[in-house]
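These notes concern the structure reproduced below.
Structure follows, in structure tokens:
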């Protein structure tokens, strides 16, 4: 075991800068940044091309022999799931089912070239589909006339809805593209995992309710807006006696079988080369049974119906729909990107490559613009579909491109085979796939035990999204989250620190037993930035920890000095070497005529002792009948290690507090202050004759050592403040302990 002693000078910020030359870096101006941004050369052009077309970078390293077969298997598996989910999720958007196949085809092609993730499966996402469906049913309701929009003339109800869905998807794509171009992909960081979890859980509840009409075989009009879920449930319960028993039986069988096989897939995923595509298998069986027994005619169940072959001609978005849906399009753009980016991050970490948030925004923006031109709706990624693409061995987006071939084959050739498929089967598949999102409710007890503000964000977002709708719910959840952040910084947990004996470590004195706090010294830690919203809280907490209000003490002292001067002038007070003696038999009563001679502001000025014959000892009893609070503190240390920024309002409040303390003869030290804050204090004229830069010290221990040098009476038995001994054991291959001291003595490192 080797010991070494760290020995160095006590450093204030000024002294440290005197002994160690600082490098002054020239900061770039805004114009310089703009010039650099628009500067163009061959290297930047090549970098921009690789950035805008990430496919180039990973195609160059593509291992054909090792990866191609895995991508083919993954592409076929993902394509089968994409076909089924495209049909199922399209029901959430209140559109004819086959348009879901378009959304599983066109966006994937664009993402292949522009996306940075190699593993996510782009296409319909249930939450996004539901948000689109709420817009569609608001503008083109199931019952009653559609909204008065010029482009609806001569179109059927389905065509009108397709136009609304494609237009709002186009607008969401424009928003995503704009955010990507202007490099604002960081906005998704404001959506915390807690918020997203609460939001997606609420979305799962909406999706569950929306699919009940297919599972029960009921005709329920689409409702949008606040409390839409409550109204929908009311209609379902009123019509519950009209339930189609055949639909219920089919749905229950599908849900039970799919659920059991999915659980087996999860349990034995390490042993299964490919997850069993149970949804596809059950869909094929349901199609065959429905066709063979003619469920539509005999039992009156609702089926997918005719699926047109091929693709439709591109359509231009409607500008009037843009105006009507701009508010809903923005949360769609954010949610679609946030979910896809979150999933992409998981797989990028797992497979050790990087993704670019801004490029992802561009990729999804262009994908949605291109896809919506061909009547698809906004795309993101479904968690289950991406899991299939990754777990079946997918290495790159070639798997995604191959999945589009499967979707295309169904669209142009064999789509007619899916025509007898009952919609209750699609509803059952959607409900079973909600398990992961619905089970997120188990996070609530954990969050309540670990972090109550986060729990409030989760519950608030979920409840707001359930009751108000997904768009308003997301906005409400974001508001709750921002309020929680503000409250955490506005009301931080300030603490009083004490020294751990024999070390240079300082901890909250409430948390440890073996601590040392010198008499007359207080160490106050601020664990948050100081700004306009929390500066008063900081001042109040400081006063609470000090045990006295410095401004009140200052005013009391100045008032006492004023009385002492009056009594000296009248001969009622005599000074002796031991202090002032009251010569009057009666207590002093201040003249009412003299009370207003000195302004109230003068009581806040520094105590002036120049005209007094001897100094007033504030720690003893005064000769006048005035109660001046006693101050047993001579030094206050403010730990600024966690203060990351300081605004102008906080700067003024801090300056006022320091002046009040200094004027009652309390020495103030600020330690571990960020250089940026120090520069700001200098530039804002913080320092003057009372508050000098010498109060800033490099570390908390430096300030304490300085205090103990100037106030040795603060400790009766001096601990090891001047020398910190650290014991280190170093293990080496030869099982020996290496010492850097050649003379056999303890190695000493001096800083």
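Numbering (this note's numbering), first residue to last: 183 to 933.
By construction, the Cβ of each residue, glycine as well, lies at the ideal position given by its N, Cα and C atoms.
Once you ignore the five residues that flank residue 622 on each side, which residues in its own chain have a CB closer than 6 Å to its CB? 379 and 383
Do the CB positions of residue 132 and residue 271 come within less than 8 Å of each other? The structure shown does not extend to residue 132, since the chain is modelled only from 183 to 933, so the question has no answer here.
Can you name, in chain order, every residue of its own chain whose Cβ lies under 6 Å from the Cβ of residue 538, other than the five neighbours on each side? 298
How should residue 281 be labelled, buried or exposed, when 16 other C-beta atoms within 10 angstroms of its C-beta is the threshold for buried? buried
Starting from residue 454, follow the beta strand (DSSP E) in both directions and report where the run begins and ends. Segment: none, residue 454 is in no beta strand (DSSP E) and carries neither H nor E.
Using C-beta distances below 8 Å, list every residue in its chain close to residue 670, excluding the 5 sequence neighbours before and after it, in chain order. Only 635 and 710 meet the Cβ criterion.
With a threshold of 7 Å on Cβ separation, who are the neighbours of residue 816 within its own chain once the five nearest residues in sequence on each side are excluded? 702, 848, 849 and 893
On the three-state DSSP scale, how would you describe residue 690? strand
Please classify residue 423: is it buried, with 16 or more other beta-carbons within 10 angstroms of its beta-carbon, or exposed? exposed
Near residue 391, what residues of its chain come up, given a Cβ to Cβ distance below 7 Å and the 5 sequence neighbours on each side ignored? 411, 414 and 415
Quick check: the region 289-303 against the region 547-564, are there 3 or more CB pairs under 8 Å? Contact between the region 289-303 and the region 547-564 is present, because at least three Cβ pairs lie under 8 Å.
Pick helix, strand or coil for residue 398, following the three-state DSSP scheme. It is helical.
Here's the rule I'm using: 16 or more other beta-carbon atoms within 10 Å means buried, otherwise exposed. How should residue 787 be labelled? exposed
Could you check where the beta strand (DSSP E) with residue 851 kicks off and where it finishes? 849-853
Can you give, in chain order, each stretch of the alpha helix (DSSP H) that sits fully within the region 701-745 and has at least 4 residues? Whole alpha helix (DSSP H) segments, 4+ residues: 717-728.
May I have a chain-ordered list of the beta strand (DSSP E) segments no shorter than 3 residues that lie completely inside the region 610-644? none
Spell out a yes or no on whether the region 593-613 and the region 340-357 are touching, meaning 3 or more CB-CB pairs, one atom from each, closer than 8 Å. no
Three-state class that DSSP yields for residue 492 in the structure shown: coil
Among the candidates 302, 276, 264 and 278, whose CA atom is the shortest distance from the CA of residue 287? 264
In this structure, does DSSP put residue 517 in helix, strand or coil? helix
Just how far apart, CA to CA, sit residue 427 and residue 490? 30 Å
What does the alpha-carbon distance come out to for the pair residue 694 and residue 707? Looking at the two C-alpha atoms, the distance is approximately 16 Å.
Is the CB-CB distance between residue 638 and residue 666 below 8 Å? yes
With a CB to CB cut of under 8 Å and the five nearest residues on each side skipped, what residues in its chain are close to residue 658? Once the five neighbours on either side are set aside, the close Cβ partners of residue 658 are 642, 643, 646, 647 and 650.
Taking just the CA atoms, how far does residue 852 sit from residue 899? For residue 899, the pLDDT reaches just 49, beneath the cut-off of 50, and the residue's location in the model is therefore unreliable, although a value from the coordinates is still provided. Going by the C-alpha atoms only, they are around 26 Å apart.
Kindly list the residues whose CB is nearer than 6 Å to the CB of residue 554, restricted to its own chain and excluding five residues on each side of it in sequence; keep chain order. 348, 351 and 352
Straight-line gap, residue 303 to residue 685 (C-alpha atoms, nearest Å): 55 Å
Per-residue burial, residue 513 [other beta carbons within 10 Å of its own, 16 or more giving buried]: buried
Do residue 469 and residue 599 count as a contact pair if the criterion is CB distance below 8 Å? Less than 8 Å separates the beta-carbon of residue 599 from that of residue 469.
Leaving out the 5 sequence neighbours to the left and right, which residues in its chain are closer than 6 Å to residue 738 when beta-carbon positions are compared? 810
State the Cα-Cα distance for the pair residue 494 and residue 332, rounded to the nearest angstrom. 22 Å
From residue 396 to residue 417, what distance separates their C-alpha atoms? 14 Å
Based on Cα-Cα distance, which residue from 484, 248 and 591 lies nearest to residue 261? 591
Could you give the C-beta distance for residue 604 and residue 485, rounded to a whole number, given that I count them as a contact under 8 Å? About 5 Å separates the two Cβ atoms, so the contact holds.
Use the C-beta contact count for residue 336: other C-beta atoms within 10 angstroms, 16 or more gives buried, fewer gives exposed. Exposed, because fewer than 16 other Cβ atoms sit within 10 Å of the Cβ of residue 336.
So if DSSP puts residue 698 in a beta bridge, which residue, or which two residues, is it bridged to? 681
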